Amino acid sequence: MFPRDGINAYAEEKCVDVRIERPRTNYSSIATRRCPVINECPVHFDPLSPEQLADPYPLYSRMRAECPVFYAQEHDLWIVTRHEDVLAVVRDTKTFSSENAVRASVRPLSASVLAVLAEGWPLSPTLTDSDGDVHRRLRLLVSKAFTPRRIQEMEGPVRQMTDELIDGFAAEGRADIIERFAWHLPLATIADILGVPRKDVPLLHRWSYSWLRLMQATDPPEELMACASDVVSMQRYFMEELRRREREGGSDLMAELLTARIAGREPLTTVEAMRVPMNLIIAGHVTVTRAIGNGLTTLLAAPEQLEMVRRDPDLIPTMVEEILRFESPAQGLFRTVREDTVLGGVTLPAGARVMVHWGSGNRDQSVFPDPDAFDVARDSATTHLAFGKGVHACLGAPLARLQLKIAIPRLLERLPGLRLAHGADAAVRDTIFFARGFKKLTLVWDAEAA
Numbered sequence: 010m011f012p013r014d015g016i017n018a019y020a021e022e023k024c025v026d027v028r029i030e031r032p033r034t035n036y037s038s039i040a041t042r043r044c045p046v047i048n049e050c051p052v053h054f055d056p057l058s059p060e061q062l063a064d065p066y067p068l069y070s071r072m073r074a075e076c077p078v079f080y081a082q083e084h085d086l087w088i089v090t091r092h093e094d095v096l097a098v099v100r101d102t103k104t105f106s107s108e109n110a111v112r113a114s115v116r117p118l119s120a121s122v123l124a125v126l127a128e129g130w131p132l133s134p135t136l137t138d139s140d141g142d143v144h145r146r147l148r149l150l151v152s153k154a155f156t157p158r159r160i161q162e163m164e165g166p167v168r169q170m171t172d173e174l175i176d177g178f179a180a181e182g183r184a185d186i187i188e189r190f191a192w193h194l195p196l197a198t199i200a201d202i203l204g205v206p207r208k209d210v211p212l213l214h215r216w217s218y219s220w221l222r223l224m225q226a227t228d229p230p231e232e233l234m235a236c237a238s239d240v241v242s243m244q245r246y247f248m249e250e251l252r253r254r255e256r257e258g259g260s261d262l263m264a265e266l267l268t269a270r271i272a273g274r275e276p277l278t279t280v281e282a283m284r285v286p287m288n289l290i291i292a293g294h295v296t297v298t299r300a301i302g303n304g305l306t307t308l309l310a311a312p313e314q315l316e317m318v319r320r321d322p323d324l325i326p327t328m329v330e331e332i333l334r335f336e337s338p339a340q341g342l343f344r345t346v347r348e349d350t351v352l353g354g355v356t357l358p359a360g361a362r363v364m365v366h367w368g369s370g371n372r373d374q375s376v377f378p379d380p381d382a383f384d385v386a387r388d389s390a391t392t393h394l395a396f397g398k399g400v401h402a403c404l405g406a407p408l409a410r411l412q413l414k415i416a417i418p419r420l421l422e423r424l425p426g427l428r429l430a431h432g433a434d435a436a437v438r439d440t441i442f443f444a445r446g447f448k449k450l451t452l453v454w455d456a457e458a459a
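Residues in the sequence shown are numbered consecutively from 10, following the numbering used here.
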């Protein structure tokens with residue numbers, strides 16, 4: 010029987026006491042929760058609505074001012090919007106569990122979807138959704154993949170890959186930059202680190218996007234079954250790659266994962282090691298892919314800021330940090346309350362689900378002066394929340410920064426006169442609950458000059 014991830018019984022949207030089973034947590038397995046409708050916010054939080062997909066930031070400003078911690082009954086989530094409260098949650102791992110950290114909804118998946126997933130292995134724990142000793146062990150082992158030396162060694166390959174991808178469409182004068190560039194670069198970079206062939210990158214892209222849709226669980230059951238099948242295919246792919254390294258050896262990250270040890274601790278099992286490359290592929294897809302599209306559109310909409318960077322390339326590092334702050338690719342992740350607690354003057358009951366909202370915290374005027382202004386000279390690397398904070402801060406952040414510092418300036422340099430194509434369908438936002446980016450972004454440029 011496949012073990013269902015997370016909460017198995019889900020409270021209907023009624024003000025009644027409910028009992029919630031949590032089989033894999035190290036706190037009370039049965040929590041009693043009361044639907045807290047009195048704490049609902051006067052604004053309607055729906056990150057997948059057309060209006061909020063287009064521009065959610067005025068709403069975020071209202072939420073921080075009027076209801077900084079509030080209950081969104083439609084999603085059965087408490088939304089945490091202010092920078093200081095977000096930090097309080099992610100730094101208090103005793104009170105806030107990271108289990109199901111990427112699940113927008115913990116409503117149980119249908120029996121048909123679970124039957125497909127049963128053909129593979131449990132999806133967690135991973136670096137992102139584990140707690141305590143399990144998380145510390147995984148993080149210490151996986152951190153070996155992101156040493157300063159390894160990141161430095163990736164600069165040449167990332168530059169070469171960036172130019173090779175641009176070579177493929179520069180003469181055309183028009184391209185969907187997401188499809189032709191933005192997901193290829195981060196996924197191929199991670200594939201190189203893992204030691205898997207670049208020809209498999211399109212498959213990894215499809216599988217990782219299916220994983221995101223499965224975690225969101227808003228598609229019809231038959232589509233979620235297809236997503237589950239892709240996730241199992243991804244598991245099998247990496248299990249086979251790991252088993253091949255067990256037989257033949259190797260020097261890439263997956264081979265290292267099989268032999269890495271911490272003094273006094275057990276090495277990773279093959280199943281644990283399998284989850285690591287999946288986690289890295291998916292994380293890279295969410296952050297770098299979306300940051301490339303967000304960064305280009307933001308810069309093109311602020312020509313005076315773009316001109317500043319062109320005149321002074323030393324601004325590229327702060328430009329990247331400002332892109333990450335201004336349009337956070339991961340808008341937030343989720344936590345589960347272990348015990349009754351008070352946050353921002355609001356009581357959160359044990360068992361409640363919390364969304365720590367990076368995107369809103371990154372526009373908090375108490376931390377960032379004039380937060381709705383895009384300023385490429387703003388130095389926010391240590392204060393913005395785009396890569397999370399605390400023990401779950403993104404291990405791959407240095408690699409993501411490297412790719413963005415190379416990719417965005419190179420696209421602007423090699424595609425003269427770069428601009429958004431005309432038409433309502435030129436820029437189409439993706440519909441992933443906790444991420445902000447483009448599914449499609451058609452840009453045009455002066456091909457003859459390129």
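For glycine and all other residues, C-beta sits at the position ideal for the given N, C-alpha and C. Here the structure is a predicted model, which means the values were calculated and not measured.
| Check | Outcome |
| --- | --- |
| Distance between beta carbons of VAL89 and LEU342, contact taken as under 8 angstroms | Not really, about 11 angstroms apart at Cβ, beyond 8 angstroms. |
| As assigned by DSSP and simplified to three states, the class of VAL241 | helix |
| Local conformation of TRP454 per DSSP, three classes | coil |
| DSSP-derived helix/strand/coil call for SER106 | strand |
| Cβ shell of HIS92 (< 6 angstroms), same chain only, five flanking positions each side left out | GLY370, ASP373 and VAL376 |
| Residue nearest to THR171 in terms of C-alpha spacing, selected from LEU196, THR278, GLY397 and ASP142 | LEU196 |
| When MET328, ARG274, GLN340 and ALA435 are compared against TRP367, the one with the closest alpha-carbon | GLN340 |
| ILE441 - DSSP class collapsed to helix/strand/coil | coil |
| Enclosing beta strand (DSSP E) for ASP185 [first to last residue] | 183-185 |
| LYS449 in three-state terms, based on DSSP | strand |
| Cβ shell of TRP220 (< 8 angstroms), same chain only, five flanking positions each side left out | CYS236, ASP239, VAL240, MET243, MET287 and ILE291 |
| Same chain only: Cβ atoms within 7 angstroms of LEU462, ignoring 5 sequence neighbours per side | Outside the displayed range of the chain (10 to 459) lies residue 462, so it cannot be described from this structure. |
| Buried/exposed call for HIS401, threshold 16 Cβ in 10 Å | buried |
| Buried/exposed call for VAL280, threshold 16 Cβ in 10 Å | exposed |
| Cβ neighbours of VAL125 in the same chain (closer than 6 angstroms, five flanking residues each side left out) | MET234, ALA237 and SER238 |
| C-beta atoms of VAL363 and ARG387 nearer than 7 angstroms | no |
| Coarse secondary structure for GLY150, derived from DSSP in three states | The displayed chain sequence assigns Leu, not Gly, to residue 150. Note: LEU150 maps to helix in three-state DSSP. |
| Residues bridged to ALA81 (per DSSP) | LEU86 |
| Same chain, Cβ closer than 8 angstroms to ALA462, five either side skipped, listed in chain order | Examination of residue 462 is not possible in this model, given that the chain is present from 10 through 459 alone. |
| Sheet register partners of THR350 (DSSP bridge) | LEU357 |
| Three-state secondary structure assigned by DSSP to TYR36 | Below a pLDDT of 50, predicted positions are generally treated as unreliable, and TYR36, at 32, falls in that range; the measurement from the model is reported next regardless. Note: TYR36 maps to coil in three-state DSSP. |
| heavy atom of the ligand SAM below 6 angstroms from GLU336 C-beta | Absence of the ligand SAM is noted for the structure shown, with no ligands found whatsoever. |
| Rounded straight-line distance, which links the Cα of ARG252 to that of GLN61 | 45 angstroms |
| CA-to-CA distance, VAL285 to GLY405, given in whole angstroms | 12 angstroms |
| Cβ separation of ILE199 and LEU289, assumed to be a contact under 8 angstroms, to the nearest whole Å | 5 angstroms |
| Same chain, Cβ closer than 7 angstroms to ILE160, five either side skipped, listed in chain order | PRO407, LEU408 and LEU411 |
| Sufficient close CB pairs (3 or more, under 8 angstroms) joining the region 109-119 to the region 129-148 | yes |
| Start-to-end residues for the beta strand (DSSP E) that takes in VAL111 | Neither: VAL111 is in no beta strand (DSSP E) and is coded neither H nor E. |
| Residue burial classification, THR306 (beta-carbon count within 10 angstroms, cutoff 16) | buried |
| Selected residue, minimal CA-CA separation from GLU348, among GLU275, PHE54 and ALA359 | ALA359 |
| Same chain, Cβ closer than 8 angstroms to LEU357, neighbours up to 5 away in sequence not counted | VAL78, TRP87, VAL346, ASP349, THR350, VAL351 and VAL363 |
| Coil, strand or helix - ARG158 by DSSP | helix |
| PHE442 and GLN225 closer than 7 angstroms at C-beta | yes |
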